[in-house]
Amino acid sequence: MTDPAEFPDGGAAAGGSGSAPGRGDGRYGRELFPPGDPHESERIDAAALVYDPVTTRRLRELGAGPGMRCLEVGAGTGTVARWLLEEAGVAEVVALDRDTRALAAWELPGLRVLTADVTDEDLDPGRFDLVHARFVLMHLPGRRRLLHRLAGLLRPGGVLVLGDTVELPDTLDRSSAYRRTMDAMWAALWATIGTDITEVPAYPRYLREEGLRDVGAEVVCPPLVPGGPAAHFWSDTWRRMRPELEATGLVDARVVDEARAYLDSPLLAEVGPGMALAWGRREG
Numbered sequence: 001m002t003d004p005a006e007f008p009d010g011g012a013a014a015g016g017s018g019s020a021p022g023r024g025d026g027r028y029g030r031e032l033f034p035p036g037d038p039h040e041s042e043r044i045d046a047a048a049l050v051y052d053p054v055t056t057r058r059l060r061e062l063g064a065g066p067g068m069r070c071l072e073v074g075a076g077t078g079t080v081a082r083w084l085l086e087e088a089g090v091a092e093v094v095a096l097d098r099d100t101r102a103l104a105a106w107e108l109p110g111l112r113v114l115t116a117d118v119t120d121e122d123l124d125p126g127r128f129d130l131v132h133a134r135f136v137l138m139h140l141p142g143r144r145r146l147l148h149r150l151a152g153l154l155r156p157g158g159v160l161v162l163g164d165t166v167e168l169p170d171t172l173d174r175s176s177a178y179r180r181t182m183d184a185m186w187a188a189l190w191a192t193i194g195t196d197i198t199e200v201p202a203y204p205r206y207l208r209e210e211g212l213r214d215v216g217a218e219v220v221c222p223p224l225v226p227g228g229p230a231a232h233f234w235s236d237t238w239r240r241m242r243p244e245l246e247a248t249g250l251v252d253a254r255v256v257d258e259a260r261a262y263l264d265s266p267l268l269a270e271v272g273p274g275m276a277l278a279w280g281r282r283e284g
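With our numbering applied, the sequence shown covers 1 to 284.
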């Protein structure tokens, strides 16, 4: 297994290469997308409608079921944690997030809510048969080191499942309002909270380097249809990020408005951002 001291503390800027200057040191939920916003849970749930069927299908195929102890990293509004308990029938889910207010009202047998920061070096939530993190590592620095720590939380035979965003942009049309706004979003996320998706394709290799077996990966791009949940998620994300988008200098208010209107238009025709899932199993 690789020595964690050898891991770099971050990847390249989204859409770039090397160690680009200007990476933001803010945090998701603080500088951007504060959970106290009355519309934030709705935005997260729109993404859940898109990606939960993909995630739960994969977790089921990897053996999620009775008797398992699971860690849900970045639990959000808890849709995956709830599925694990109610549909897969696992014994326990530790739902970890920096802000767990969306989970406070839940009283599900087997649910343990843990308000904590996954980057906390002193955090030790125990050992698990399944560790799942979706749209978490991409927003954090030192993701290689974090992956090493998550792999270390597996019991023998346990599975680590990671999901983060990948993009398949139309490189023949870089001038549309949609493309310019999407590019501005990645630039703004990098500059504000350091989000980086360039390292996501390396996850299978990282899992193998951790000594995990049965490593696999898949990429799913859910349909981006006018007024659908994926379109709603991106439109609301751009609405919430409007000042940061315009601060990049890549777009102005008119371009953002045109891009958001396009997401509701019957002319919408794009391969939207997708999710790369990677998984591996601890020998046991």
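Ideal Cβ placement from N, Cα and C applies to all residues, glycine included.
Is it buried or exposed, residue i, if we count other Cβ atoms within 10 angstroms and call 16 or more buried?
i: T198; result: buried
i: E61; result: exposed
i: A75; result: buried
i: G280; result: buried
i: P204; result: buried
i: P141; result: buried
i: D124; result: exposed
Compare the C-alpha of residue i against each of the options and name the closest.
i: A276; options: S235, E218, M241 and V225; result: E218
i: E270; options: F135, M182 and A116; result: M182
i: V131; options: L162, L137 and A47; result: L162
i: G216; options: V166, A278, G157 and A88; result: A278
Assuming residue i contacts residue j (C-beta within less than 8 Å), just tell me the rounded distance between them.
i: R282; j: L154; result: 4 Å
i: L285; j: L85; result: An answer regarding residue 285 cannot be provided, because it is not within the stretch 1 to 284 covered by the chain.
i: A188; j: A259; result: Actually they do not touch by this definition, with Cβ atoms about 14 Å apart.
i: G274; j: L168; result: 7 Å
i: M185; j: L32; result: Not a contact, Cβ separation roughly 11 Å.
Distance check for residue j and residue i, CA to CA, integer angstroms please.
i: A208; j: D122; result: This sequence places Arg at residue 208; Ala is not what is there. Whole-angstrom Cα-Cα distance: 25 Å.
i: T192; j: A105; result: 31 Å
i: H148; j: E210; result: 7 Å
i: A81; j: T115; result: 15 Å
i: V50; j: P222; result: 7 Å
i: T119; j: L267; result: 42 Å
i: G284; j: A102; result: 35 Å
i: V73; j: D164; result: 13 Å
i: G249; j: T237; result: 18 Å
i: R179; j: G26; result: 25 Å
What is the DSSP secondary structure of residue i, counted as helix, strand or coil?
i: A104; result: coil
i: P53; result: helix
i: T165; result: strand
i: T79; result: helix
i: T237; result: helix
i: T119; result: coil
i: H139; result: helix
i: A48; result: helix
i: E285; result: The question about residue 285 has no answer here: the residues shown for the chain are numbered 1 through 284.
i: E31; result: coil
i: L212; result: coil
i: M275; result: strand
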